[in-house]
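S.K.:
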Amino acid sequence: MAVASVSAPAALLQAPAAAPRRAPAPQRACSSAWRPSRRPLRVQASTTSSGSSSPAAATSPAVAAAVDTLYRAAADSSVAPAAVFAALRTLEQAKLQPSAEWGPIIGGTAPPGNRWRLVFTSGTKQVQDALKGVGKGGGSYFPLTACQRWDAAGSEIENGVFLGRLAALTFKGPYRLDGKVLAFDFDTLTLRLGGWQTAFPLKTKLDPSTFKRGKESPFFVFFYVDDRIICARGRGGGIAMWARTTPQWELEKGIV
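Quick note: the sequence shown uses this note's numbering, first residue 503, plus one each step.
1) Where does Gln628 land, buried or exposed, given buried means 16+ other C-beta within 10 angstroms?
2) If the criterion is Cβ atoms closer than 8 Å, does the pair Gly641 and Thr623 meet it?
3) With 16 as the cutoff for other CB atoms within 10 Å, does Phe702 come out buried or exposed?
4) Would you mind giving the Cβ-Cβ distance between Gly681 and Ile659, rounded to the nearest angstrom? I have them listed as a contact below 8 Å.
5) Applying the 10 Å Cβ sphere with the 16-neighbour rule, what's the burial state of Ala584?
6) Taking 8 Å as the cut-off, decide whether the C-beta atoms of Lys755 and Phe664 are in contact.
7) Please report the distance separating the alpha-carbon of Ala685 from that of Gln650.
8) Considering only the alpha carbon of each residue, which of Gly615, Lys707, Glu603 lies closest to Asp728?
9) With distances taken Cα to Cα, identify the nearest neighbour of Arg730 among Tyr573, Ala567, Thr561.
10) Straight-line CA distance for Pro645 to Leu620?
11) Below 8 Å on the Cβ atoms is my contact criterion, and I expect Ala745 with Ala576 to pass it. Report the Cβ-Cβ distance as a whole number of Å.
12) To the nearest whole angstrom, what separates the beta carbons of Gly739 and Thr626, a pair I think is in contact under 8 Å?
13) On the three-state DSSP scale, how would you describe Tyr749?
14) Please state if the CB of Leu593 and the CB of Tyr726 are separated by a distance shorter than 8 Å.
15) What is the C-beta distance between Ala596 and Thr647, in whole angstroms, given that I count them as a contact (C-beta under 8 Å)?
16) Tell me whether Tyr564 is buried or exposed, calling it buried when 16 or more other Cβ atoms sit within 10 Å of its Cβ.
This is the structure:
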């Protein structure tokens, strides 16, 4: 887990002036100290031991702890669902502001973009009950191999469920990211059974270059994004967490 580094401008304390008729006291090698600054401290993001950046984890101890909980949940599903839900709600309530890096992190910088595996979901009712103070909330680890692929270069989303190399069902279409809101739509369904694959049009092909969020468009509102996990609330009110895939994982799961 990343440890935040805190920096602030400050001046070195000067050594005391010599007293009258007395020799000045010898300077010690460590006599300098930082004078506390009256200006607010700037909290900077640090880098995890694996080299990944966690831009929001340094904003507060609560946020840092929540991110660490979700990292562990994504790694081996060892965290209790109630604790995962609580961590997600902590990040959502932190109201972190999106940065210019969110787009490339989510969708990469070149085709085919980035893939993210669905790790955890919480239904609308569970979220609503938690907001009302009824129960502790909850959710569950997603039991199937489900991936979202976002390609920022082509403004394309692909959402799929995979059963190894036996079968896969994917939906594809355009998307548009505006701040925290990622709106999308599907125009093509693809079914794969073993080595056989065919595509079915769901509607007239949508042009990614002109796609805009409509009144009926599904969307995600992201509230945390780094290069290891992304978290969002869906249009229906549920919340979810995805983790970045690796080439080895994709090969094992029959994604590629």
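C-beta atoms are modelled at their ideal positions from N, C-alpha and C, and glycine is treated no differently.
M.R.: Answer, in terms of the structure:
1) buried
2) yes
3) exposed
4) Rounded, the Cβ-Cβ distance is 17 Å, inconsistent with contact.
5) exposed
6) yes
7) 14 Å
8) Glu603
9) Tyr573
10) 9 Å
11) 4 Å
12) 4 Å
13) Looking at the sequence shown, residue 749 is not Tyr but Pro. In this structure, Pro749 counts as helix in the three-state DSSP scheme.
14) yes
15) Actually they are not in contact, since the Cβ atoms of Ala596 and Thr647 sit about 30 Å apart, beyond 8 Å.
16) Checking the sequence, you will find Ala at residue 564 rather than Tyr. It counts as exposed.
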